[in-house]
Each structure stands twice: as structure tokens, then as C-alpha cells.
Amino acid sequence: MAHSCLVGVSLFVVGFFWFVESCAVSRERIGVEGEVVWVVQVSDLHVSSYHGERAEDLKRLLAPALKIIRPSLVLITGDLTDAKNMERTSTRQDESEWIQYKRAMDAVVKESGIHREAFLDIRGNHDKYGVPYVGGHLDFFSRYSLSSQSNRLNTIQSMALVAKDRKYVFLGIDDSMNIGIRGPSNLFGHPSDLAIKCVESELEYWDSHSDTPVTKITFGHFPMSFIASSESGRRYESIFSRHSVSAYLCGHLHAKFSRRLFRHHSFNSASDTKHGKSGQFWEWELGDWKESKLIRILAIDGGKVSFSDIDLLTKTGPSDGFLTTIHVNYPLDSRSMNGVSLGHDLPRDDVGALVFSQNLILNVTAKIFDSSRAFRLVEEVPLQITGSAIPPALYRAKLNVGRYTGAPATRFWLQVFAIDNLNREASSTLIPFSVDGKLGHLHKTWLECLIFHTSWEDLYLILLWSNIGFLFLLLFLPKLLNYFMQKSSSYQKWAMSVSVSSPLGQRGKYFLPLWFLIEGSRDVKIWCVMAVYLLYLLTFPWFWGHGTAVDSPIASMSIHGWRVTIPGIHIGEDGLGSPDVMVIILPFMYLIVGPLFILIYGLYTERALFYIHCGDKLRSSQGSSKSPKPNGDSRQCRSIMASNTSCKVCQGWMRTALVLVAFCIFSCISGNAPFLQQLMAWKLLFFRQASYGRHYYY
């Protein structure tokens, strides 16, 4: 009992300083041998109480693969558990999922034969859903994760693989929220100024404290497009580029978006440009384990970084276990080459491949194809094993680089084939290569560009303030126009001329949008309510609720983010979860506020059109151009409606259509977001006034 209390107090103290400092670093070293180092990345496991197969597949698929691959490190880049209910409508931490994760990973460690210290797992946004602070009773990562079992509870984990003539530094970064807001407004990484400074200091440390070349790899859960800027606007891209980081590995987006979310970052500072230097690095996102069962083999050969993404559903036989897998570590895929070394190193004259197999490999051959000649085979190169014959084995051979010098980046393609003692053939992925270091073009779909190459933090601000600007124009521009036209007593004549068959009336149809705006803004009471409502949305909280745990103090969300108070620590934070709140703010502003403001204007315009139409009918029936204009209580209007059953205006079809559109919006949105119902109640009041109010033309 005393031990449990001591552990709890320790976690609380660690959590408090983690929240305040948010920047501790754990630094470790592991010795490695050989000229090539490789690691395995897994991401987005989403172990769930309602989908036990995800944890079982870790033991069934991942453990046998790791036993054959034998990586120096295993990087698990976030979203270890799912943290959602069965209906996936709410988020919360479930201790049973963490126990399930721990048991599954304990089995993976045991069956793979890889030492526990070689596993590094970090938090994702799902692992922080509803966690008020690190060290609290809901912080299950600090109890059940592999990192916690190795006493790695810092936000930055630095692991160095030390070889005879090179060091390989892997820097893990936890950018999850300090205060874990529940979904859906917990979507982005949130580094602080101090955390970014800490990462920069760690990279500088390896630049100045190593007597051998250093290859740096950083990894985290969030892609750069889903990482918010720090308090002062700092970001990782310039730091990674400036300190020669080779690649940043991440997850988060899942394979359903794409399995080729790769991005080349380049950065030129004023000082670097002056000295003729520029920085660049690659960002490689890995698809999820949850549904796709993907893993990544990342190899470093003399500073050259390459990777292969493996689908374990297709690489695992029903009775044969993990099937033979080949990774080409050199030459590099020209579409995703390590940009750090481009233009700085002399071209190598070799081809190398790692072969992972549980069977005896008899023959390994590299084949080169010319894409300009319908992929005709131009050369076969037998590869010889180097070093130990115990799998996994490295195979190399000399390559006639002069034959491929000067060619376009994607002209020549390489594929390696291996035959085992059971006469079964395996092959690597066909990749383009360039011995000159030319970077090939990687085709991107519009969805890949939108998700991975767009700064969502900036896009959110653009979309938000565009909508707000539109709504302000919608409210105030027609009000100003109406004021000046009423002042000159010209509005009534102009409005009546819209429906009169005259040259002025014919010209008036081009001014229907203007008439729509002015007519919609003429009711002072409703216009004031709409203006106050918009100002309220921009200034005050939208709703209140349990922002973190269900037993946490009430938090509030506004357009600026969440206002949360941490129990027991007496720390409050404003603006938390921005731009994460965009998943609530933008749909409401674009799908509710904007359309309903327009629909309210539309109802007023339809009513005005109805009375003008009735006036036209009366004038035509009485043969007079000076008939009294009907109003909302006129019996003449009702008689006209009864006698014109085929007239869409007289029968109110336009009004019915507008109201139906409004209620369709209400039902669709409120059914998926109950907390928005109180906001939409105001809109129903607007509609009631707009639909049933009176209007006169005198």
C-alpha cells in the first residue's frame, strides 16, 4: 500500500513538472555492429476493448516479423489505444485497453527475442483523450507503456545507436496536448517554445559531442501539417533542416487517406544562403496498424536513409509465417532520396539489399530495367553475402555506374530477386534510382496534397475569418444601402419596379441579389438579434461541458479554444485546443450560421415578393395601375391565393422550400452534434419571425 502511494505521488510530481516544463529529455546509447543499421516503425495500433483482434494481431503478425527482421529499434509512433466507446461517439481513457496493450506487447517482446529497451513508444492524440495531466489517475501511458517500463517518461526520447565509425540518433518527440481534451477537438500536436528549444538543443548536442559522423532521425505521432506553431510561432521544419535531420517519421493519418504520404522539406535561412548552404529533410508518414497492418523497415547505409513499407497481411503466410522480404538499401529510391546528402557525396558504385527470411537463401540477383524502352531488362547483377550468413543478411555487388550516369531520375528501375532452398522466389519493390543524386517526381493526388502538404493551422484561420467577414458583409452592407436608399425615398419605387413589365422592371432583374440583401435586412429587431448572435459567437463561450475527464471541472469552449482548469494543481489555460476546435467551429459556421442567415433573408425576400405579386394580380384583375397595395391582413390576398392554385408564388411553394431546407440542416447537424442544439434554438426563433411577421409597402 505504501509502495502504491509512493508511486502515485511520484507520478503526480512528474506530471506537474511535465506540465510546467514540458521539455525533459531522456538520453540513451546502444552499441551496434555492422555497416548497415535498420529499425522498424509501427503506428496507430488503436488497441480497443471492442476489437480484440487488433491486440491479437500484434502477437500473430508483428512478433514473427520482428523475430525475422531483428531490428535495432522498434518505434511505435502513437495512438496505442483507441479510447472510444463502442458507438465511437465519445472519447475516454479505458484502463482495460491499456492492460490489453501491455499484455500484447509483453508477448511481442518475448516472442520476438528483442530486448525490451529497444522498444520506444510515444503518445498519440488518442492516448491523451480525457487525460487532465500527466501523472493523474487517467494517465495510463505512464503505467502501461513500454517506455514507462524502461523509465522513459520524458517528452523527448533520445536514443543513439553507436557503431564503430558512425552514430545513428533517433529522437522521439511527444507533442500531445499538455491537458488532454476529449475528442473531437484533440487533433493536432502542440509543441511549446520550450519543447522546440529542447529539441534544438538535443540536435546541437550531437553535432558538437560526436567524433564520428551522425545520422539523425526524428519521429513523432503528428505530421507537420497537423502540428500547431508554438506560442511565439516557432516550428520544427527550420530546425530539422538546419541541423541536418535526415527524416521525420510519423503516423496519425492512416492508410485510408493514402499509403504514400511523403513530403520533401527544404529551408533556406539568410545566413545559410550567404554561405551557400541549405537544409532539407524528408517527412514519411506510415499507415496504420489498426486496419492495414503496416510496418516500416527503415535502413541507414553509410548515412543513406531508405525505407520499405510492408503489409503484414500479405507478407504472412497461413502456415509459413513471415515470408521472405527484401529491402534495397542502395541505390536509393530517387523519388524519396535522403536530401541531406544530395550534391555533397560522390556517387557510390555498389548495389546493396537486406534479405529477411527464415529459410536459407541460395541466390540473390539485382535486375535493372529501362523505362524508356518499355522496361526492357538491361543488366543483371549477382549479389554476394557480406558478413554473417545468419538472417537477416546483407548482400552487395559492384555496379557499373558509368552506364547510368546522366540519365533522368526515373529512367532506370531496380528490383532485387531472391531464391530460397525451397525454390521459392521473392522480390523487392521496383524502384527508380539515380546515381547522380537527381530527385525524381513523386506523383501526388489532390487528397494527398490537401491532407499532407497543407498547413491546416493557417487554412483554419483563412476559412474562419473568410466566413466571419462574409457574415459581417451580409449583415452590414445591405443595412447601409437600405439606409441611404430610404433616406432618398427611392427604395419603395425601386423595389416595386422589380416585378413591373417596363424597361425599368426588365433592368431590375439584374438587381435581384441586391434586392434580396436589402429586403432581408429591413426588419430591425431580427437584424439586431442576428448581429448580437454573431458577436456572441466571436466573443463568448459556445457551450460548457467536461472538456477532459467526465469527473473533471466544467470547461468552456469558444472560438478561441478551450478554457480548462486543472484540478489539484490550480492552473488554468485559455485557448487550449486551437486549431483543433476547427472540427466544431468551421462546420457550424459554414453549415449552420451562414446558410441560416441567408435563409432568413430569403424568407423576408419571399414574403416581399408575395405581396408585390399579389399587387400585380390585383392591378391586372381591376385594370388599374393604382390599386391599393395588399398587406398581411388583406382578404384580397386570400382570394387571389384561392383563385390561383397553380401559381407557385401564391401557394407559398418558395417559402415551404426554404423552411424545408432549414429543417434539413437542423436535423442533420443536431443529430450528430447534440451540444449544438442550444445554439440552433436561436435560429428557430429567427425563422418564426421571418415566416409569420407582417410586411407593408406604403
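What the sequence shown shows, in mature numbering (1 follows the signal peptide of the UniProt record, and there is no 0), is residues -22 to -1, 1 to 676, in sequence order. Every residue gets a Cβ at the ideal spot worked out from N, C-alpha and C, and that includes glycine. In this text, all values refer to a predicted model and were calculated from it rather than measured experimentally.
Check	Outcome
Measuring CB atoms only, is the region 159 to 170 touching the region 96 to 111, in the sense that at least three cross pairs come out at less than 8 Å?	yes
Locate the alpha helix (DSSP H) running through Q78, then write down its first and last residues.	E73 to S90
DSSP puts N341 in a beta bridge; with which residues?	I397
Considering only their Cβ atoms, is the gap separating A96 from K37 smaller than 8 Å?	no
Would I346 and V356 be called neighbours here (beta carbons separated by less than 8 Å)?	yes
Quick one: which unbroken beta strand (DSSP E) runs of 3-plus residues sit fully inside the region 351 to 384? Chain order, please.	354 to 360, 362 to 364 and 371 to 376
Per DSSP, what kind of secondary structure is E(-2) in: helix, strand or coil?	At E(-2) the pLDDT is 49, less than 50, meaning the model places this residue with poor confidence; the figure from the coordinates comes in the next sentence. Note: E(-2) maps to helix in three-state DSSP.
According to DSSP, is V507 part of a helix, a strand, or is it coil?	helix
Given a threshold of 16 other Cβ atoms within 10 Å of its Cβ, counted over all protein chains shown, does E209 qualify as buried or as exposed?	exposed
Tell me the DSSP bridge mates of L227?	F197 and W262
Please report the Cβ distance between S90 and L39, rounded to the nearest whole angstrom; I am assuming they are in contact, meaning their Cβ atoms lie under 8 Å.	Going by Cβ atoms, the distance from S90 to L39 rounds to 11 Å, so no, they are not a contact pair.
DSSP state of V109, grouped into three classes?	coil
Given a threshold of 16 other Cβ atoms within 10 Å of its Cβ, counted over all protein chains shown, does K142 qualify as buried or as exposed?	exposed
With burial defined as no fewer than 16 other Cβ atoms inside 10 Å of the residue's Cβ, what is the status of F494: buried or exposed?	buried
Could you check where the alpha helix (DSSP H) with M535 kicks off and where it finishes?	From DSSP, M535 is part of no alpha helix (DSSP H) but of the beta strand (DSSP E) over A533 to S536.
Would you give the residue range spanned by the beta strand (DSSP E) that L139 belongs to?	I134 to V140
Less than 8 Å between the CB atoms is what I'm expecting for D283 and A233, so what's the real figure, rounded?	The question names Asp, but residue 283 is Val in the sequence shown. Wrong, their Cβ atoms sit about 22 Å apart, outside the cutoff.
If we call anything under 8 Å between Cβ atoms a contact, is F197 one with L53?	yes
Quick one: using the 10 Å Cβ neighbour count with 16 as the cut-off for buried, is E426 buried or exposed?	buried
State the start and end residues of the unbroken beta strand (DSSP E) segment that holds S244.	F240 to F245
Assess contact between the region 553 to 565 and the region 436 to 449, defined as three or more Cβ pairs (one per stretch) separated by less than 8 Å. Is contact present?	yes
Would G167 and I100 be called neighbours here (beta carbons separated by less than 8 Å)?	no
Using the three-state DSSP reduction, which class does K145 fall into: helix, strand or coil?	strand
When DSSP labels each residue in this structure, what does G281 get in the three-state scheme?	coil
Does the region 308 to 315 come close enough to the region 276 to 290 to have 3 or more Cβ pairs within less than 8 Å?	yes
Starting from the Cα of R213, find the closest Cα among L172, L227 and L239 and give me that residue.	L172
Closest to A344 by CA distance: which of I217, E261, S222 and W391 is it?	W391
Run through the DSSP bridge pairs and tell me what A53 is partnered with.	In the sequence as presented, Ala is not what sits at residue 53; that position holds Leu. Partner(s): Q19 and L98.
Grouping DSSP H, G and I as helix and E and B as strand, with all else coil, what is F334?	strand
Is DSSP giving H93 helix, strand or coil here?	coil
Do three or more CB pairs link the region 19 to 31 to the region 294 to 305 at distances below 8 Å?	no
Could you have a look at H104 and say whether DSSP puts it in helix, strand or coil?	helix
To the nearest angstrom, report how far apart L301 and A331 are at their CA atoms.	16 Å
Assuming G523 and A533 make a contact with CB atoms under 8 Å, what is their CB distance in whole Å?	7 Å
Looking at the structure shown, is Y670 part of a helix, part of a strand, or coil, going by DSSP?	Annotation note: pLDDT 42 at Y670 (below 50); position unreliable, coordinate value reported separately. Looking at Y670 - three-state DSSP - the assignment turns out to be helix.
Which one of K376, R326, L439 and G9 has the shortest CA to CA distance from V140?	G9
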